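Residue numbers for the sequence shown follow my numbering, so the first one is 12 and each next one is one higher. Quick reminder that beta carbons are idealized off the backbone N, C-alpha and C, glycines included. Quick caveat, the model's predicted, so the values are computed rather than measured. Working notes for the structure below.
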Amino acid sequence: MRIAALGLAGTALILATGLSGERVGAQPLPAPDLAETSLVAAHEHISDRDARQQLARLLSWQPGRRAEALTHYQRLLRETPQDPTLVYDTAQLLHWMGDDATAAGLLTSLPAGAKRTRASLLLQARVELALGRSGRARVLLGALRPLRGRPEHLLYVATLTASGVLHGAENALRGLLDETPGDQELRRQLGDILQAQGRPYAAEHHYARILEADPGNARASARLEGLAHRATPGPADDPEPEPLTAEPPADPRSGRDYLKVAEHAAARGEREAAEAAARRALRLEPELTRAGYLLADQLIARGALAEAEAPLATILQRFPDATQAGLTRARLASWQGDYERALELYDTLAEANPTDPTFAVEAARVAGWAGDRKQSEERYAALLNQLHSTADAEDEASARPVLITPAPEKAPLPAPAHPDYPALAEHRAVHQEAHAKALVQDRQPRAALAVLQRAARFQPHNLETAFDQSEIECTLGLCDAERATYRRVLEMAPGHAQAGQRLAHLERRRGPRAGVHAEYRDESGRDAELETLGLGVHGSLPVAARGRGYVSVDRLRYRFDPDANPELEQVRGNRVHARLRNVVSAHLSWRAELAHTRFDDADVDDATEGRAEAEYHPGDRVRTRVAVAQERVLRNPATALERLDRRLVETELDYYADRHVDLTATARAARYTDSNRGVLLQFQPRVRLTEHPHQLTGGATFQYRDTRKNEGDYWTPQDYLAAGPFLEWQHDLVEVFGCRALNHEYQIRLSGHRDSEQDSGTRLAGAYLWDAGEHLQLATDAFIERSSEWDAEGVRLSATWHFH
């Protein structure tokens, strides 16, 4: 999953806050103490029904005497149980006392034809909402439209929020703010709704406007500092901390009781208990919308994605405009790989809510996950046009234009309280994400990394850009930066499954390894007839933050053509090979190797070989490599008895013309210890014909070799020109693009050549790599080459164990 379902908890928090506010706001101011009046003093002797009802009403206004009031109301209800006024007064008292279930029972007990006041219907809507039955509350409020006054509209907003109709609640609050723009409480609620929608910049704008008008507003200040893109890791000084869920009933009986148990368990991280309690709550009371959202949340956390769709479908059947449920359902479809259905759901949500870019952004991401990168870029471009893009400048991090041009990073945004701030901030955030993806697709990872590093500062809450950044850091070998990115995600979203899994995979890649290997090689042609067999062990350890050291120990056997020298048909020896590689930065890396071979035969000199190379990327379009090496030439008995070394200098230049075309030029100069020398010039263009995971690459190789030959003891190519095509097929069986921990892939390469001396040949090579589990990796590669003057074949097998 590339996105966590983070909105459910936020919605529940807003609902809880809103409900508590409604309950307090619905209570009248306590009346003066009337205990000394004759009416109250003689209440035990009252016989007049109206006087008792008036007494009960007066007592109900005193919180400390509401139990007495309820006694009087119950006595009156026994006489006239269907009196609408009496039922309303009693239900209102029960609501104030927190017994909403009994209040709802009273109100629904009235006969269908009973005349009910507007206040009675509003009370019933408030009671149903408090019981979690937001569907019934919406029906009651719908019968009262048009709504009158601020309290009724706020009750409607709370009902929409509880149903997950966040955008409907937003529209209702904006309508109220248009009438009373100075109402800071309405503006705070609007900011809360926008924050629950995942639009922190729009929420920031409204909190900032509150503080502009009232700098001492502690609630707005706390919410502003708690926004995802402004919050700092660690404990925050919150003047109004959110209370933990209250202790649930010890002996739950009703659906609402089980909902409290589920919420309490979820707050403590007890997912199994929360899921079981939510299921029980829905069995007892299927209309508990909050229980449906909570159950879906727990199922998603458990990874039961298909099962999580059922409670969301039930909610959407009751509330088709519930964008919270609709968005989560679209995400579930994308997480399960049903990209076509996910895009349809996102498009429906975007069409119904054109002012919220969330749906269009996530649809563009899903198109990219589905492999349709063209559609993804087009969706990003359309969204940016919708956000009134004014960016025409090229990004300084990139040397060439791409489809998505970036927003001007140096242009300062207006203050958060400015009316244009939300649109401009959202525009910049989308631009950073879209442009980084376009750069990656255009094979400019370093330029993309620069954009994503700016995104990490501007929108640290964006998990998509964070994971894109980690992919590039992994590909470039920046292990320490990759680890820091995962930890940043986990600080923002503790327990985030994907970040935790990727961090574990990183530790696997960086952990120690050990294994065994075997190889066989047979070469013949001109003056060479050599068969090599090797068995060995290998291991590796991390070195410093980005380096890694490798070592292998092999037992080797070389067999020569017995006709060349009957006295030396074979030679055996032990070889120790050490290698160290390190990534200095995103542009520079180096590698050093040292090997020593000790032969059993005293007539054969031991060999020490080495190689050092550095690779530098001035930019994403150019790669340079320089290497120096000393190698032992061992092809026949003569080169075994008389040691012959080759010292070479090699340089390579790669130019990535675009995402499909590579041009590589190589130059090598070698000098042998017998005063021979050689030159190799090579040019290799290649074209990528298909994309990952089924990648087909075609190209050609053009070579010029010039080697002076003084002796006939060993074979080296003569002065010639050669050319030939090649075709390479690479299939990623995991079908995961980018850097990852577990691999499963194979590669096949077929190439041919013909030189100016009319010699020709064909080579077929293949490789297979499979991570059989978290610890075991199996690999093999083999080749066979046949030509008019040179034949060779070989195979290598290895098994590696990852310790982590």
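Going by C-alpha distance, which of Glu642, Trp601 and Thr608 is nearest His628?
-> Here residue 628 corresponds to residue number 617 of the sequence shown, with the count starting at 1. In terms of Cα proximity to His628, the closest of Glu642, Trp601 and Thr608 is Trp601.
DSSP on Asn396, reduced to helix/strand/coil?
-> The residue labelled residue 396 in the question sits at position 385 within the sequence shown. In the structure shown, Asn396 falls within a helical segment according to DSSP collapsed to helix, strand and coil.
Terminal residues of the continuous alpha helix (DSSP H) containing Val595?
-> Looking up residue 595 in the sequence shown gives position 584. No alpha helix (DSSP H) contains Val595, which DSSP labels as neither H nor E.
Below 9 Å between beta carbons: does that hold for Gly280 and Gly143?
-> By one-based count along the sequence shown, residue 280 stands at place 269. By one-based count along the sequence shown, residue 143 stands at place 132. Contact: no.
Runs of alpha helix (DSSP H) wholly within the region 175-244 (minimum 4 residues, chain order) = 177-190, 195-207, 211-224 and 229-236
CA nearest to the CA of Pro322, picked from Leu316, Thr334, Leu306 and Val564 | Within the sequence shown, numbered from 1, the residue matching residue 322 stands at position 311. The candidate whose alpha carbon is nearest that of Pro322 is Leu306.
Helix, strand or coil for Ala247, going by three-state DSSP, please let me know.
-> Counting from 1 along the sequence shown, the entry for residue 247 is found at position 236. Unreliable placement is indicated for Ala247, whose pLDDT of 42 sits below 50; the coordinate value is still reported in the next sentence. Residue state, collapsed to three classes: coil.
So what does DSSP say about His813, is it helix, strand or coil?
-> Locating residue 813 in the sequence shown gives position 802, counting from the first residue. Strand at His813.
Segment limits, alpha helix (DSSP H) that includes Pro322 = Taking the first residue of the sequence shown as 1, we reach residue 322 at position 311. Its alpha helix (DSSP H) spans residues Leu316 to Arg329.
Going along the chain, which residues of its own chain have a beta-carbon closer than 8 Å to the beta-carbon of Gly536, five neighbours each way excluded?
-> Numbered from its first residue, the sequence shown carries residue 536 at position 525. So the list reads Trp726, Ser798, Glu800, Trp801, Asp802 and Ala803, once near-sequence residues are dropped.
What first and last residue would you give for the beta strand (DSSP E) that runs through Pro696?
-> In the sequence shown, residue 696 corresponds to position 685, counting from 1. Where Pro696 is concerned, the enclosing beta strand (DSSP E) stretches over Arg688 to Arg699.
Quick one: measure Cβ to Cβ for Ala436 and Leu424, integer angstroms, because I've assumed they're closer than 8 Å.
-> Taking the first residue of the sequence shown as 1, we reach residue 436 at position 425. Taking the first residue of the sequence shown as 1, we reach residue 424 at position 413. Indeed they touch by this definition, with Cβ atoms about 6 Å apart.
Taking 9 Å as the cut-off, decide whether the C-beta atoms of Gln164 and Asp332 are in contact.
-> Position 153 of the sequence shown, counting from 1, holds the residue named residue 164. Position 321 of the sequence shown, counting from 1, holds the residue named residue 332. Sequence check: residue 164 is His here, not Gln. In this structure, Asp332 does not lie closer than 9 Å to His164 by Cβ.
Between Arg797 and the ligand GDP, is the CB less than 8 Å from at least one heavy atom?
-> With respect to small molecules bound, the structure shown includes none, and the ligand GDP cannot be examined in it.
Where the beta strand (DSSP E) through Leu780 begins and ends | Sequence index remark: in the sequence shown, residue 780 carries index 769 (1-based). Element bounds for Leu780: Ser771 to Asp782.
Go to Gln103, then tell me how far its alpha helix (DSSP H) extends in each direction, as first and last residue.
-> The residue you call residue 103 lines up with position 92 of the sequence shown. Element bounds for Gln103: Pro95 to Trp107.
Examine the Cβ distances between the region 301-319 and the region 348-357 and report whether three or more of them are shorter than 8 Å.
-> Three or more Cβ pairs closer than 8 Å define a contact, and the region 301-319 falls short of that threshold against the region 348-357.
Flag this pair as touching only if the region 700-719 and the region 680-692 have three or more C-beta atom pairs under 8 Å; answer yes or no.
-> Three or more beta-carbon pairs drawn from the region 700-719 and the region 680-692 are found closer than 8 Å, and the two stretches are therefore classed as touching.
Are the beta-carbon atoms belonging to Asp611 and Arg583 less than 9 Å from one another?
-> Your numbering for residue 611 matches position 600 in the sequence shown. Your numbering for residue 583 matches position 572 in the sequence shown. Yes, Cβ-Cβ distance for Asp611 and Arg583 is below 9 Å.
By the 10 Å Cβ neighbour count, where 16 or more other Cβ atoms means buried, how is Phe571 classified, buried or exposed?
-> Translated into the one-based positions of the sequence shown, residue 571 becomes position 560. Phe571 comes out buried.
Give the single residue among Tyr569, Arg566, His549 and Arg568 whose Cα lies nearest to the Cα of Gly560.
-> In the sequence shown, counting from the first residue as 1, residue 560 sits at position 549. Among Tyr569, Arg566, His549 and Arg568, the Cα nearest to that of Gly560 belongs to His549.
In three-state DSSP terms, what is Gln347?
-> The residue you call residue 347 lines up with position 336 of the sequence shown. DSSP places Gln347 in coil when its eight states are reduced to three.
Please work out which residues of its chain come closer than 6 Å, Cβ to Cβ, to Glu298, disregarding the five sequence neighbours upstream and downstream, and give them in chain order.
-> What you label residue 298 is simply residue 287 of the sequence shown in a count that begins at 1. These residues qualify, in order along the chain: Arg144 and Gly146.
Residue environment, Pro427, which counts as buried when at least 16 other CB atoms sit within 10 Å = Taking the sequence shown and counting its residues from 1, one reaches residue 427 at position 416. Pro427 is buried by the Cβ-count criterion.
When DSSP labels each residue in this structure, what does Pro736 get in the three-state scheme?
-> Mapped onto the sequence shown, residue 736 falls at position 725. It is a strand residue.
Does the separation of the CB atoms of Leu69 and Pro95 fall below 9 Å?
-> For the purposes of this step, residue 69 is taken as residue 58 along the sequence shown, with counting starting at 1. For the purposes of this step, residue 95 is taken as residue 84 along the sequence shown, with counting starting at 1. No. Outside cutoff.
Run through DSSP, which three-state label would Thr791 get?
-> Here the question's residue 791 lines up with position 780 in the sequence shown. Reduced to three states, the DSSP call for Thr791 is strand.
How would you write the range of the beta strand (DSSP E) that Asp673 sits in, first residue to last?
-> Within the sequence shown, numbered from 1, the residue matching residue 673 stands at position 662. Start and end: Val672 to Tyr683.
Enumerate in chain order the residues of its own chain whose CB-to-CB distance from Asp669 is below 8 Å, with the five nearest sequence positions on each side excluded.
-> Taking the first residue of the sequence shown as 1, we reach residue 669 at position 658. Correct list, in chain order: Asp453 and Arg454.
My understanding is that Arg654 touches Asp616, with C-beta atoms under 8 Å, so please give their C-beta distance in whole angstroms.
-> In the sequence shown, residue 654 corresponds to position 643, counting from 1. In the sequence shown, residue 616 corresponds to position 605, counting from 1. Yes, they are in contact, since the Cβ atoms of Arg654 and Asp616 sit about 4 Å apart, within 8 Å.
Verify whether the separation of the beta carbon atoms of Tyr391 and Ala466 is less than 9 Å.
-> Position 380 of the sequence shown, counted from the first residue, corresponds to residue 391. Position 455 of the sequence shown, counted from the first residue, corresponds to residue 466. Taking 9 Å as the Cβ cut-off, Tyr391 and Ala466 do not qualify as a contacting pair.
Enumerate in chain order the residues of its own chain whose CB-to-CB distance from Ala292 is below 7 Å, with the five nearest sequence positions on each side excluded.
-> Taking the first residue of the sequence shown as 1, we reach residue 292 at position 281. The answer, listed in chain order, is Gly266, Tyr269, Leu270, Ala273, Leu299 and Ala302.
Below 9 Å between beta carbons: does that hold for Ala623 and Ala640?
-> Position 612 of the sequence shown holds residue 623. Position 629 of the sequence shown holds residue 640. Their beta carbons are under 9 Å apart, which means Ala623 touches Ala640 by this criterion.
Under 6 Å Cβ to Cβ from Glu661, same chain only, skipping five residues before and after it: list those, please.
-> In the sequence shown, residue 661 corresponds to position 650, counting from 1. Around Glu661: Ala638 and Arg679.
Terminal residues of the continuous beta strand (DSSP E) containing Leu744?
-> Within the sequence shown, numbered from 1, the residue matching residue 744 stands at position 733. First-last for Leu744: undefined, no H or E at that position.
State yes or no: is the C-beta of Leu645 within less than 9 Å of the C-beta of Ala618?
-> Numbered from its first residue, the sequence shown carries residue 645 at position 634. Numbered from its first residue, the sequence shown carries residue 618 at position 607. Cβ distance < 9 Å, so Leu645 and Ala618 count as in contact.
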